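K.L.:
This structure is in structure tokens; I'll ask about it shortly.
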Amino acid sequence: MDKTATASPNAPKTLIGQRVKKPDAPDKAAGKTRYINDMVLPQMLTAKVLFARRPHARIVRIDTTAAAKLPGVHAVLTGADAAGLHFGFVRDNVPLKDKVRCEHDAIAAVAAETEEIAQQALALIEVEYEDLPGVFTPEDGAREDAPQIHDNFPGNRSLHFAFKHGDLAAAEAASDVIVDNVFRPHYVTHCCMGTSCAIADFDHKGKLTIWTQTQYPYNYKMDLAPALGMHPGDIRVIQPPVGGAFGSKLDVYPYEPIAALLAKKTGRPVKLTYTREEEFRASPTRQSAIIHMRTGCTRDGTLTFRSADVLLDNGAYTSWGPTIPVIMMRTTSGHYRVPVVDFKAQAIYTNNPYAGSFRGYGNVQTTWATAQQMDMLADQVDIEPLAFHLKNAQLSGETTPQKSFLRECALVECLQTAAAASDYSRKRKEYAALRDAPGRYKKGIGLASSIHNAGGAKIHKSDGIGTILKVDDYARVTVISGASEIGQGIDAVITLIVAEELGVPLEHITLVNNDSDIAPWDVGVHASRTTFIAGNGTRRAARKAKAQILAGAEKLLGEPAADLTLREGAVVRVQDGKEIIKLERLLRQMHFQAEPELVMVTDYYEPKSEPEGAAHSSDHSAAYAHAVHIAEITVDTLTGEIKVDKVTVAQDVGRVINRMGLEGQIEGGLAIGLGYALSEDMRIEQGHLRNACFRDYKLITAPEMPPVEMHLIESDCAEGPYGAKGISELPTIVIAPAIANALTNATGVRIFTPPMTPEKVARAIVEQRRQASAPQAAAQLEGATA
Amino acid sequence: MKLRYFAWLRSSMGCEAEEIALPAEIRTVGMLLDWLPTQGERFRRAFEFIDVVLVSVNREYAERSDPVRDEDEVYLVPPIAGG
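In the order they appear, the protein sequences are chains A and B. Just so we're aligned: the first sequence equals residues 1 to 786 in the working numbering. Just so we're aligned: the second sequence equals residues 1001 to 1083 in the working numbering.
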């Protein structure tokens, strides 16, 4: 990172906006962290899964006799042992299958003393399949004569979503220009460094403890229960440190109930860990999509409408991937001021791997389309793009067609800041003029923006969080929070807020947030919500504790509570900062007195947002935010390679809480977005993943990260903690179309299907040249003939 | 009254939608959610955790205290997760 700038300076002597290290960073850096993958329990067995490795088949016969007899094997389970244990959003999945619907279907599982024995046992399982015709594209799946993947989902039709606002026909008629394109966002996967892992153990009462990497422990219990035929109340979820999640752990996946079923069968703890290859094949993907998008505007550059007709490859089962239209439609209707909207999406079952949640949930795919069409429209009406964007940018106080209320909207500031910092308009004009000049290497600059929920998303009845906070006799604070830590840094944010409110050192604060039997309820880590929601919950709890402490001071010391505050481990006078008493002494005096008092408070924070609802017309987030990315690239027109020279980011963050964490989230989000844009691609052919390893699946790593210039715009969100907004998904969402727009600026080529690999770009350049020269050649031929 | 089911409720109930005759004494969403599980084993099993489900009456989000009538269309939508 080259530079960080902030629009408004922080008040002195506050921790808010400072750089605070993650509490777990030293252990992680020193290799002392014990991730779930490192855990060993006494008497623990190791599980392995037999995957079908074929996309669609009937299981004619399965014989586990030899495997079960192998010394060291404690249990072998098949689909017969999981009959009726339907789970998933539409209950179309079971832990172990009696019919194969995708290549990573688990058809048997073994628990053994060692991994080697379990692996040997898998080899002894005899399976006879009858392969069935497969469906490998949503278009094929929707055909009348397509093979049926699930008997109870006729026509292979899965989820459907729709939203309409305004008169589309009239808006089209009023448009001077309409761009009409089909975008095909592709499959990528999360690539967590810690592969999927679960450890399950039952106690004598039949209660299950599951150690897992889940991002949503409380709703997880309800989702796991039907996969085991249990009551959710009999499940305890413990979240050890995890090596990444990024949305991939927002649902129950078969390995988790399989571990539990084996633990139940054997009466011993069972651990199931995916290998890297299994992780590629059997963990969820980002949802692929076919987006037919149309956007119109008048000659003066005013947007008139946007429509999107989306076809989703559901894959074999329904996880959260096909639910992304909930957010896709928000971007379709809310990315710039769009008066008329027509959105529909249909998911179709196929025999491909299935998608789950992934950072940017639906918005990565939609912004890939909307941000490119904004660039195209600007060119078609011949308006300088920045001016075109500014003309259609919403302002504070506006409401989108879906009733998202943009109370503090900083889109204009983001656009102006990023454009000025990168000299966008001048460079874009200059590079376009040089496009056809001689030379192999071409420069390009591209601007893209997007909008995302920044205060949670009320797609559950409650988007709230519970917090318990206690302060002990030594002024050590324990926060028991529902907020899960998956590496994103809520541990640092919570401790920073407690230190800010109670005036205690950061190292005197302990966070307990990884055990569903201890910590109170929370929706989970998703929707850019945790700093916003848990930040508010923590602040409210800390302020309750502070009020109790200051009331105690008033009672014991006779100083009015209103005149006191907490600072540097002491009770001090507000007026002159004079220390009245050390905090820990006061706490002991409050405790050991005639009417003993401990400082223990609880809080449940519910954001002011409205449930999504069936009509998709509600203010479903407590805040919304924008980001603008400007990508500067060099294109090798011979090889098609794109080198990203610099990225300028301007993002509405509400207010910076932990500057180091925020910068890290933007950098990390960019890395995921850059991989999506340039290199990551799951090559799925006839239902088989062909590149299940990091040699053939190219992540963006440190050497490929471009310089990033960050501008953190502080819009001061009225509902957010200290004014903060959620920030973590926008960096992933915006970068790919910024690069696509830069590619067009450099070469004239536009790519609709990411990633923009060298091969794809080079082919597009060659094709463009061929088409450009074809009329010329035809004219020459015509002249020669004449 | 028309009941429309989504996601796992659809699978659990075995249909996308169905008509029911709403007794006159059922006047609110809360009363409806308390009454439905008493209407047979299929309802009892599917509605065991009905309190987490989002309810819309005539496509508008509804709380337990909101009124319902026999001519209403009621959507029952389980929660989903995000990114």
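Beta carbons: idealized from backbone N, C-alpha and C, even for Gly. Treat the numbers as computed from the prediction; the structure is a model and nothing was measured.
I need the straight-line Cα distance from N10(A) to I16(A), nearest angstrom please.
P.N.:
Taking the first sequence and counting its residues from 1, one reaches residue 10(A) at position 10. Taking the first sequence and counting its residues from 1, one reaches residue 16(A) at position 16. Here the model assigns N10(A) a pLDDT of 35, short of 50, so the residue's position is not dependable, and the following value carries that caveat. Distance between the alpha carbons of N10(A) and I16(A): 7 Å.
K.L.:
So I62(A) is in the beta strand (DSSP E); what residue range does that whole segment cover?
P.N.:
The residue given as residue 62(A) occupies position 62 in the first sequence. Per DSSP, I62(A) belongs to the beta strand (DSSP E) from A57 to D63.
K.L.:
Residue ranges of each beta strand (DSSP E) run of no fewer than 3 residues wholly in the region 62 to 105 of chain A, ordered along the chain?
P.N.:
Correct list: 73 to 78.
K.L.:
Under a CB-based cut-off of 8 Å, is L1003(B) close to chain A?
P.N.:
Your numbering for residue 1003(B) matches position 3 in the second sequence. No, because no Cβ of chain A sits closer than 8 Å to the Cβ of L1003(B).
K.L.:
To the nearest angstrom, report how far apart I494(A) and P284(A) are at their CA atoms.
P.N.:
Your numbering for residue 494(A) matches position 494 in the first sequence. Your numbering for residue 284(A) matches position 284 in the first sequence. Distance between the alpha carbons of I494(A) and P284(A): 30 Å.
K.L.:
With 8 Å set as the bound, which would you pick, yes or no: does the beta-carbon of T366(A) sit closer than that to a beta-carbon of chain B?
P.N.:
Translated into the one-based positions of the first sequence, residue 366(A) becomes position 366. Cβ-Cβ to chain B under 8 Å: no for T366(A).
K.L.:
Kindly indicate which three-state DSSP category L598(A) falls into: helix, strand or coil?
P.N.:
The sequence position of residue 598(A) within the first sequence is 598, counting from 1. DSSP places L598(A) in coil when its eight states are reduced to three.
K.L.:
Out of V571(A), G577(A) and P596(A), which one is the CA nearest neighbour of E584(A)?
P.N.:
By 1-based counting over the first sequence, the position of residue 584(A) is 584. By alpha-carbon distance to E584(A), the top candidate from V571(A), G577(A) and P596(A) is V571(A).
K.L.:
Using 8 Å for Cβ pairs, my map puts L386(A) next to Y441(A). What's the rounded Cβ distance?
P.N.:
Residue mapping note: residue 386(A) aligns to position 386 of the first sequence, counting from 1. Residue mapping note: residue 441(A) aligns to position 441 of the first sequence, counting from 1. The Cβ separation is near 25 Å, so there is no contact.
K.L.:
Skipping 5 residues on each side, what residues in its chain have a beta carbon closer than 7 Å to that of M39(A)?
P.N.:
Residue numbering aside, residue 39(A) sits at position 39 when the first sequence is read from its first letter. Excluding sequence neighbours, M39(A) sits near I199, W211 and P240.
K.L.:
Output the distance between the C-alpha atoms of E128(A) and D98(A), rounded to the nearest integer angstrom.
P.N.:
Counted from its first residue, the first sequence places residue 128(A) at position 128. Counted from its first residue, the first sequence places residue 98(A) at position 98. One C-alpha to the other measures close to 12 Å.
K.L.:
Taking Cβ-Cβ distances below 7 Å as the criterion, which residues of the region 555 to 569 of chain A are in contact with chain B?
P.N.:
none
K.L.:
Span of the alpha helix (DSSP H) holding L743(A)?
P.N.:
Against the first sequence, residue 743(A) aligns to sequence position 743. Per DSSP, L743(A) belongs to the alpha helix (DSSP H) from L730 to T747.
K.L.:
Verify whether the separation of the beta carbon atoms of L96(A) and I258(A) is less than 8 Å.
P.N.:
Mapped onto the first sequence, residue 96(A) falls at position 96. Mapped onto the first sequence, residue 258(A) falls at position 258. Yes. Within cutoff.
K.L.:
From the DSSP output, in three-state form, read off M376(A) for me.
P.N.:
Here the question's residue 376(A) lines up with position 376 in the first sequence. In this structure, M376(A) counts as helix in the three-state DSSP scheme.
K.L.:
Going by DSSP, name the residue or residues bridged to Y253(A).
P.N.:
Looking up residue 253(A) in the first sequence gives position 253. Note: Y253(A) sits in no beta bridge, so no partner.
K.L.:
Out of curiosity, what's the CA-to-CA distance linking V326(A) and G243(A)?
P.N.:
Mapped onto the first sequence, residue 326(A) falls at position 326. Mapped onto the first sequence, residue 243(A) falls at position 243. Answer to the nearest angstrom: the Cα atoms are 28 Å apart.
K.L.:
Can a CB atom of chain A be found closer than 8 Å to the CB of L1054(B)?
P.N.:
Residue numbering aside, residue 1054(B) sits at position 54 when the second sequence is read from its first letter. Judged by the 8 Å Cβ criterion, L1054(B) is in contact with chain A.
K.L.:
DSSP three-state label for E667(A), please.
P.N.:
Walking along the first sequence from the start, residue 667(A) turns up at place 667. It is helical.
K.L.:
Suppose the cutoff is 7 Å on Cβ atoms and the five residues either side in sequence are ignored; what does the same chain contact list for M193(A) look like?
P.N.:
As a first step, residue 193(A) must be located in the first sequence, where it is residue number 193. Contacts found: G243 and G244.
K.L.:
For S8(A) and R659(A), what's the separation of their Cα atoms in angstroms?
P.N.:
By one-based count along the first sequence, residue 8(A) stands at place 8. By one-based count along the first sequence, residue 659(A) stands at place 659. Only weak support exists for where S8(A) lies, its pLDDT of 47 falling under 50; the coordinates are left without a value.
K.L.:
Which residues in chain A have a C-beta closer than 7 Å to the C-beta of V1077(B)? List them in chain order.
P.N.:
Locating residue 1077(B) in the second sequence gives position 77, where the first residue counts as 1. What V1077(B) touches in chain A: A614.
K.L.:
Does any residue of chain A bring its CB to less than 8 Å from the CB of F1047(B)?
P.N.:
Sequence index remark: in the second sequence, residue 1047(B) carries index 47 (1-based). Answer no: the Cβ-Cβ gap between F1047(B) and chain A never drops below 8 Å.
K.L.:
Going along the chain, which residues of its own chain have a beta-carbon closer than 7 Å to the beta-carbon of R54(A), five neighbours each way excluded?
P.N.:
In the first sequence, counting from the first residue as 1, residue 54(A) sits at position 54. Contacts found: V100, E103, Y129 and D131.
K.L.:
Please name the residue, chosen from A475(A), A541(A) and Y697(A), that lies closest to I581(A) on a Cα-to-Cα basis.
P.N.:
Taking the first sequence and counting its residues from 1, one reaches residue 581(A) at position 581. I581(A) has its Cα closest to that of A475(A), out of A475(A), A541(A) and Y697(A).
K.L.:
Tell me, which residues are paired with N453(A) by DSSP?
P.N.:
Counting from one through the first sequence, the residue named residue 453(A) turns up at place 453. According to DSSP, N453(A) bridges with Y624(A).
K.L.:
For C191(A) versus Q213(A), is the C-beta spacing smaller than 8 Å?
P.N.:
Walking along the first sequence from the start, residue 191(A) turns up at place 191. Walking along the first sequence from the start, residue 213(A) turns up at place 213. No, the Cβ-Cβ distance between C191(A) and Q213(A) is not below 8 Å.
K.L.:
Residues of the region 1014 to 1030 of chain B with a CB closer than 9 Å to any CB of chain A: list them in chain order, please.
P.N.:
G1014
K.L.:
Closest Cβ-Cβ distance between I991(B) and chain A: below 8 Å?
P.N.:
As shown, chain B starts at 1001 and ends at 1083. That puts residue 991(B) outside it, with no answer to give.
K.L.:
What are the uninterrupted segments assigned as alpha helix (DSSP H) that are 4 or more residues long and contained completely in the region 373 to 445 of chain A, given in chain order?
P.N.:
385 to 392, 411 to 422 and 424 to 433
K.L.:
Judging by CA-CA distance, which residue of T33(A), A622(A) and V523(A) is the nearest neighbour of M222(A)?
P.N.:
As a first step, residue 222(A) must be located in the first sequence, where it is residue number 222. When only C-alpha atoms are compared, the closest one is V523(A).
K.L.:
What does a CB cutoff of less than 6 Å around Q589(A) pick up in its chain, not counting 5 residues either side in sequence?
P.N.:
Residue numbering aside, residue 589(A) sits at position 589 when the first sequence is read from its first letter. Answer for Q589(A): L556, listed in chain order.
K.L.:
Look at the alpha carbon of D63(A) and the alpha carbon of L50(A), and state the distance between them as a whole number of angstroms.
P.N.:
Here residue 63(A) is taken as the residue at index 63 of the first sequence, counted from 1. Here residue 50(A) is taken as the residue at index 50 of the first sequence, counted from 1. Using only the alpha carbons, I get a separation of about 13 Å.
K.L.:
Under 8 Å by Cβ, that's how I've got V369(A) and I291(A) pegged, so tell me the actual separation to the nearest angstrom.
P.N.:
For the purposes of this step, residue 369(A) is taken as residue 369 along the first sequence, with counting starting at 1. For the purposes of this step, residue 291(A) is taken as residue 291 along the first sequence, with counting starting at 1. Before going on, a small fix: residue 369(A) reads as Ala here, not Val. Confirmed, Cβ separation roughly 5 Å.
K.L.:
Is it buried or exposed, R276(A), if we count other Cβ atoms within 10 angstroms and call 16 or more buried?
P.N.:
Mapped onto the first sequence, residue 276(A) falls at position 276. By the neighbour-count rule (16 or more Cβ atoms within 10 Å), R276(A) is not buried but exposed.
K.L.:
Give the straight-line distance between the Cα atoms of A82(A) and F1047(B), rounded to the nearest whole angstrom.
P.N.:
One-based indexing of the first sequence puts residue 82(A) at position 82. One-based indexing of the second sequence puts residue 1047(B) at position 47. A82(A) and F1047(B): Cα-Cα distance of roughly 23 Å.
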